[in-house]
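Undergrad:
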Amino acid sequence: MVMKMNKDINLFHNLCKYIMKNYQVMNSSKMTANLIYECCRELEMDVPAVEGLIFVEVNGYKRQYAHCFNVQGTTIIDASVYEFALINKRIENLFPMYIVGNIPAHIEYSIMKEIKYEDQIRFNKKIIDKIIIEAKNYNDVTIDRFSENEDSKKENLFYLRSISGV
Numbered sequence: 001m002v003m004k005m006n007k008d009i010n011l012f013h014n015l016c017k018y019i020m021k022n023y024q025v026m027n028s029s030k031m032t033a034n035l036i037y038e039c040c041r042e043l044e045m046d047v048p049a050v051e052g053l054i055f056v057e058v059n060g061y062k063r064q065y066a067h068c069f070n071v072q073g074t075t076i077i078d079a080s081v082y083e084f085a086l087i088n089k090r091i092e093n094l095f096p097m098y099i100v101g102n103i104p105a106h107i108e109y110s111i112m113k114e115i116k117y118e119d120q121i122r123f124n125k126k127i128i129d130k131i132i133i134e135a136k137n138y139n140d141v142t143i144d145r146f147s148e149n150e151d152s153k154k155e156n157l158f159y160l161r162s163i164s165g166v
């Protein structure tokens, strides 16, 4: 059981790193959550995409942001939290690159509702299979912080969805 959990956590880390390295993070939390859901669904894992709020404590005050992310049981999987670092340059150091399980003490998540499968953006199975295969090789890949300009040069998930025949 513990070995399977570790394998799942490793998969989530690899998916997050793969997405961060290859696709735009800015303004893509819903599509990113849908992509992670579809990859996990293909692997027969229940990791729903959800809409909610993220609260970030800044100088004793909490700022809140509407956001989409994934959950597996009580584990938060958030491959797009870094978009808030790109938007909020003065507090960018408060946002990690991504979150899998270990949420920093100054960040809280609140789940409002699950994004139902029928309401999700879907990706072509070939694209999903490609991402799963390539993400498995991301164990030793490190992701460095990047700028909004660098992010804009990456592939946009919206166009990936559009060209995938959906």
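full-length UniProt numbering puts the first residue of the sequence shown at 1, with every later residue one more than the last. Every residue, glycine too, gets a C-beta built ideally from N, C-alpha and C. Since the structure is predicted, the reported quantities are computational estimates derived from the model, not experimental observations.
What separation, rounded to the nearest whole angstrom, lies between the Cα atoms of M1 and D8?
TA: Residue placement at M1 cannot be trusted, given a pLDDT of 49 that sits under 50; what the coordinates show is reported in the next sentence. C-alpha separation (whole angstroms): 11 angstroms.
Undergrad: Is E44 helix, strand or coil when you go by DSSP?
TA: E44 falls in the coil class under three-state DSSP.
Undergrad: Leaving out five residues on either side along the sequence, give the residues of the same chain with a beta carbon under 7 angstroms from the beta carbon of E51.
TA: Excluding residues within five positions, the ones whose Cβ falls inside 7 angstroms are C68, M112, K113 and I115.
Undergrad: With 16 other CB atoms within 10 Å as the buried threshold, where does P104 fall?
TA: Counting Cβ neighbours within 10 Å, P104 comes out exposed, since fewer than 16 surround it.
Undergrad: Could you tell me whether the Cβ atoms of A135 and Y18 are closer together than 7 angstroms?
TA: Taking 7 angstroms as the Cβ cut-off, A135 and Y18 qualify as a contacting pair.
Undergrad: Mind checking which residues open and close the beta strand (DSSP E) that includes L53?
TA: Per DSSP, L53 belongs to the beta strand (DSSP E) from A49 to V58.
Undergrad: Is Y98 buried or exposed, if buried means 16 or more other CB atoms sit within 10 Å of its CB?
TA: With 16 or more Cβ atoms within 10 Å of its Cβ, Y98 is classed as buried.
Undergrad: Would you call the segment 20-40 and the segment 152-160 in contact, with 3 or more CB pairs under 8 angstroms?
TA: As far as the Cβ criterion goes, the segment 20-40 touches the segment 152-160, which means the pair count is three or higher.
Undergrad: I'd like the list of long-range same chain contacts for F12, defined as Cβ closer than 7 angstroms, with 5 residues on each side in sequence excluded.
TA: Closer than 7 angstroms at the Cβ level, and outside the excluded window around F12, lie I77 and V100.
Undergrad: What's the C-alpha gap between E108 and I127?
TA: Roughly 32 angstroms separates the two Cα atoms.
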